[in-house]
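Engineer:
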Amino acid sequence: MRRLMVPREHGAWAMLSLPYISGFLTAPAGERGWARVVLGAAGMLSLFMARAPLMRLAKQRHRRGSFGARAGDYWYSALVYLVLAAVFFILVASLGEGWELWQIASAAALLAALQTLSALALGERSMTAELTGVVLLALAAPLGYYLAAGDGLWGVESVTLWAANATYYGATVFNVKMKVASMVTRRDSLGGREKLALARESITYATIAVPVWVALALTGKAPAAAPVVFTPMAAYVAWSAATMSSRLKLKTEGFTQLGLSLAFTAALIAVWRYGW
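Right under this line is the structure:
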């Protein structure tokens, strides 16, 4: 009997579901199409669950020239999830949301192809593959906004919401990589230069992202308080860099990241709803 695969990447679940929640809760009050939102969420989750078996098949084919002994389970899982996704999105389209869904589906397909190619060529944990994946998952934000509001898929509010989620979760990727790198040193304390070297990518990312969001806020392309939503993560990254050591409790780090992500999502909804 074939077995369904279920993705175990807890961080990816948050990176998908929280942007979607921020999207539909930011949409104008009184215009939410709850049937579209629920069906869209089901379709989106089905597509996300199809990714794991498809990636396994692609990796097996790329590395060994064949799909491997468990190819049957992988194909079965992918097919079930893809059929479910098709059913849910056909139901969404039947509610009058057709052409715009094709647009966002095309964008998602392009990003998924780039992320897969990067993962196969450079590795799933390469920076290119991970950041492309973050941008792809953050696309759930404009999807949620559009399904709730009924329009505005590529409007300023929706697109900046996508960018804000991508910026935030991109920062979490750099932070986790920094912590894992410090853990590999197997040293309880590190010198200032060593910490700076390990935190270089996180610092570079912040020095680019922060001025961009300040500029967007000052020019009215984003809410005036938009930079504020990144403050808790920025403070945590700075604290992580300052207290860096090889001692890293993965479960504690996971819960910390989840708490920060929930706080970010709540702040994002408040600022994007009332801060323009």
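Position in the sequence shown (first residue = 1) + 639 = my numbering. Note that beta-carbon positions come from the ideal geometry of N, C-alpha and C, so glycine has one too.
Express the C-alpha separation of residue 706 and residue 900 in angstroms, rounding to a whole number.
Structural biologist: 36 Å
Engineer: DSSP state of residue 596, grouped into three classes?
Structural biologist: Coverage of the chain is limited to positions 640 through 915, which leaves residue 596 absent and any answer about it impossible.
Engineer: Since residue 676 and residue 787 should fall inside the 8 Å C-beta cutoff, what is the C-beta to C-beta distance between them, to a whole number of angstroms?
Structural biologist: 5 Å
Engineer: Taking the CB atoms as reference points, tell me whether residue 910 and residue 865 lie closer together than 8 Å.
Structural biologist: yes
Engineer: I need the boundaries of the alpha helix (DSSP H) containing residue 879, first residue and last residue.
Structural biologist: Secondary structure note for residue 879: its alpha helix (DSSP H) is the uninterrupted segment 870-881.
Engineer: Given a cut-off of 8 Å, decide if residue 658 and residue 777 are closer than it, judged by their beta-carbon atoms.
Structural biologist: yes
Engineer: For the region 751-768 against the region 711-726, are there 3 or more C-beta pairs whose distance is under 8 Å?
Structural biologist: Touching, no, given that fewer than three Cβ pairs across the two stretches are closer than 8 Å.
Engineer: List the whole-angstrom C-beta distance separating residue 689 from residue 721, where the pair is believed to meet the contact cut-off of C-beta under 8 Å.
Structural biologist: 5 Å
Engineer: Taking one C-beta from the region 831-839 and one from the region 798-808 each time, how about it: are there three or more such pairs within less than 8 Å?
Structural biologist: no
Engineer: Is residue 733 buried or exposed, if buried means 16 or more other CB atoms sit within 10 Å of its CB?
Structural biologist: exposed
Engineer: Select from 847, 701, 829 and 648 the residue whose C-alpha is nearest the C-alpha of residue 755.
Structural biologist: 701
Engineer: Taking 8 Å as the cut-off, does the region 646-653 touch the region 891-907 (at least 3 CB pairs, one atom from each stretch)?
Structural biologist: Counting Cβ pairs under 8 Å, three or more are found: they touch.
Engineer: What's the C-alpha gap between residue 803 and residue 741?
Structural biologist: 23 Å
Engineer: Confirm, please, whether the CB-CB distance from residue 863 to residue 831 is below 8 Å.
Structural biologist: no
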